Amino acid sequence: MDKKIKMRAEGVNFFYGRTQALKNVDILIHANQVTALIGPSGCGKSTFIRLFNRMNELVPDTSLSGNIYLDDLEINSAQIDPVEIRKRVGMVFQKPNPFPKSIFDNISYGLRVNGVRDANSIEERVEASLKKAAIWDEVKNRLNDSALKLSGGQQQRLCIARCLAVDTEVILFDEPCASLDPISTAKIEELILELKKDYTIVIVTHNMQQAARVSDYTGFFLLGELIEFGKTQDIFTAPQDKRTEAYITGRFG
Amino acid sequence: MFTTLFFLGLIIFFVGVRGAKVISWEFLTQIPRCSMTQGGVAPAIVGTLYITLGAILFSLPLGVACAVYLCEYSPKGFMVNIIRISINNLAGVPSVVFGLFGLAVFVKFFGFGVSILSGSLTLGILALPLIISSTQEALLAVPQSIREASLSLGATKWETIKRIVLPAALPGILTGVILSIGRVAGETAPILFTAAAFYMRGYPKSVFSEVMALPYHIYALMTEGVHPDRQMAIAYGCSFILLFLVLSISGIAIIIRQKQRIQHG
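Protein sequences, first through last, are from chains S and P.
For the first sequence, the numbering used here puts the final residue at 252, and the numbers step up evenly by one.
For the second sequence, the numbering used here puts the final residue at 259, and the numbers step up evenly by one.
Right, here's the structure in full:
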């Protein structure tokens, strides 16, 4: 079995001002697998996932120590442009955030900023990514409509398509279903399982059932620490740490 | 609120009744004749359009650039606060002071003379704080989430601003521009010493020409000349045109804002 490691974090500490949000976190993200990060609100899981594409740099007064690797590239080293990392590590956010543009332009934007100019190939790749994100049939006749007219679930799949259009290798999902209804959630989960064939996926979720349904590996965060990490099956059936057990059995959180 | 409506209505009615009488095709398209008592006010209309356009051409790029810098790039701190306070104070400077400033700087120091150019630049500075603050508001209203979305796709900060943030803020910026057009078109004091001429034989030939302008023309008709009684009717005619221009410009601003609201749900 292929045990390739796509991303890894070593000894990561992260601070908002003087508040430590992450404490000495190590993790291995396996290629073409779904890794779920669970834990109660404020445990640092969203902060952590945003380190993988250097999004926390947008927040003023933060500091980071430790190393994060994408393949063998240390993504925080001074020579690396965060723009290059973000091209390889895409992100789907908690609330659907389509651009106030047409459905077509939402997807083509990423292509254009990545230097694709040829109209035909843009068109092809827009169609391909919408198909991959399982939204093509719903939007193919109205590609020029505003993306804001779509339902929340459709918007979120559009955001996934937007992410797929650029040649991303890893997709980070930051609670992608937090604002969606159960049917839309089911569609997104189905999509995640489909996408792991081609991409490495990390998903932050509040919902333990969701973690159990979609992920191969699970990490449990509590108060900025990664308490336990392992195969999802093991975490949910035989957790090693009492706190993990307490959380997944619903005693707190 | 009703008092405001009442006064606005009264002004429109008053100016309308007195002004509409002299409005004719000739009034709108001819140059003044017989010591301002006959003919039309076309050069003043054209002059107002020129200096207003000039003012916006100058203040729009500068104001938007300034707002983008303040909102998106400047580090928060002492200097930026000073700049913000200065901008707010600039908005409070009496317009006649702008006029004197324009006279000293553009007319004399830069040697542009009393001209469209000097008047446009002076009015442009007057419009600057309006454009900066409305652009800032529009930029701040663009949700952080779509900036993050753009950056997460590998767009640079500048690409994000240029292709996502500014287009999203455009309706708000345009509203600001249109409101400042309304403001600039009606100003008298700033062009008094920098651009306006009481009477010209024809239309301005270059940006270095003096021009007639509606607000100044009204002022001149009421204070100078030898036939005050006959001039007064023309002054009302000019007021009517000016009021119509400014109100319709504000109307356009309202329509744009409304459209934006519909678009963004």
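Note that beta-carbon positions come from the ideal geometry of N, C-alpha and C, so glycine has one too.
No experiment lies behind these values; they were computed from the predicted model shown.
Query: Using a Cβ-Cβ cut-off of less than 8 angstroms, list which residues of the region 142 to 162 of chain P approach chain S; keep chain order.; Result: E142, A143, S144, L145, S146, L147, G148, A149, T150, E153, R157, I158, P161, A162
Query: Note down, in chain order, all residues in the region 82 to 97 of chain S with a beta-carbon under 7 angstroms from any beta-carbon belonging to chain P.; Result: V82, R85, K86, G89, M90, F92, K94, N96
Query: Taking 7 angstroms as the limit between beta carbons, can you name the residues of its chain near I106 (chain S), skipping five residues before and five after?; Result: V125, S128, L129, A160, R161, A164
Query: For T(-3) (chain P), count the other beta carbons within 10 Å of its own beta carbon; 16 or more makes it buried, fewer makes it exposed. Which is it?; Result: exposed
Query: On the CB-based measure, 16 or more other CB atoms within 10 Å of its CB, does I182 (chain S) come out buried or exposed?; Result: exposed
Query: From K15 (chain P) to A229 (chain P), what does the alpha carbon distance come to, in whole angstroms?; Result: 12 angstroms
Query: At which residues does the alpha helix (DSSP H) containing K257 (chain S) begin and terminate?; Result: This structure leaves residue 257 (chain S) out entirely; chain S is present only between 0 and 252.
Query: Below 8 angstroms between beta carbons: does that hold for G148 (chain P) and K5 (chain S)?; Result: no
Query: My assumption, with CB atoms under 8 angstroms, is that D173 (chain S) sits in contact with V203 (chain S). Please give the rounded CB distance.; Result: 5 angstroms
Query: Quick test of your reading: I125 (chain P) and S53 (chain P), contact by CB under 8 angstroms. State the CB separation rounded to the nearest angstrom.; Result: 5 angstroms
Query: With distances taken from CA atoms, which of P:A49, P:V159, P:T42, P:S244 is nearest G118 (chain P)?; Result: P:A49
Query: Rounded to whole angstroms, what is the Cα-Cα separation between A135 (chain P) and G176 (chain P)?; Result: 24 angstroms
Query: Just list the residues that DSSP pairs N66 (chain S) with in beta bridges.; Result: S:E9
Query: Which ranges would you report for the beta strand (DSSP E) in the region 184 to 217 of chain S if only whole runs of at least 3 residues count?; Result: 199 to 203
Query: Please tell me whether R161 (chain S) has its Cβ less than 8 angstroms away from any Cβ of chain P.; Result: yes
Query: Less than 7 angstroms between C-beta atoms, sequence neighbours within five positions excluded: which residues of the same chain meet that for Y210 (chain P)?; Result: T182, I185, L186, A190
Query: Hey, is I167 (chain P)'s beta-carbon within less than 8 angstroms of any beta-carbon in chain S?; Result: no
Query: Verify the CB distance criterion: does P99 (chain S) have a CB-CB separation below 8 angstroms to chain P?; Result: yes
Query: Have a look at S:F251, S:T61, S:N31 and flag the residue whose alpha-carbon is nearest the alpha-carbon of L21 (chain S).; Result: S:T61
Query: Can you name the residues of chain S whose CB is closer than 7 angstroms to the CB of I140 (chain P)?; Result: N96, F98
Query: Using the Cβ count rule (16 or more neighbours within 10 Å means buried), how would you classify F1 (chain P)?; Result: exposed
Query: Using beta carbons (cut-off 8 angstroms, strictly below), is L(-1) (chain P) in contact with chain S?; Result: no
Query: Could you name the residues of chain P that N113 (chain S) contacts, counting a contact when the two beta carbons are closer than 7 angstroms?; Result: G148
Query: If you follow the alpha helix (DSSP H) that G180 (chain P) is part of, which residue opens it and which one closes it?; Result: 160 to 180
Query: Should T129 (chain P) be labelled buried (16 or more other beta-carbon atoms within 10 Å of its own) or exposed?; Result: buried
Query: How far does the beta strand (DSSP E) with E224 (chain S) in it reach, from first residue to last?; Result: 224 to 230
Query: Assuming I134 (chain S) contacts L157 (chain S) under a Cβ cut-off of 8 angstroms, what Cβ separation, rounded to an integer in Å, is found between them?; Result: 6 angstroms
Query: So, helix, strand or coil for K22 (chain S), using DSSP?; Result: strand
Query: Going by DSSP in three states, P55 (chain P) sits in which element: helix, strand or coil?; Result: helix
Query: Is the CB of N52 (chain S) under 8 angstroms away from at least one CB in chain P?; Result: yes
Query: DSSP three-state call for S128 (chain S): helix, strand or coil?; Result: helix
Query: Taking the alpha helix (DSSP H) that T34 (chain S) falls in, what are its first and last residues?; Result: Counting along the chain, T34 (chain S) falls outside any alpha helix (DSSP H), though it belongs to the beta strand (DSSP E) covering 33 to 37.
Query: Is it true that the CB of L208 (chain P) sits closer than 8 angstroms to the CB of A38 (chain P)?; Result: yes
Query: Touching or not, the region 147 to 156 of chain S and the region 176 to 191 of chain S, by the rule of three or more beta carbon pairs under 8 angstroms?; Result: yes
Query: Hey, M90 (chain S) and N55 (chain S): beta-carbon distance below 8 angstroms or not?; Result: no
Query: Let me know if I79 (chain P) comes out buried or exposed under the rule of 16 or more other beta-carbons within 10 Å of its beta-carbon.; Result: exposed
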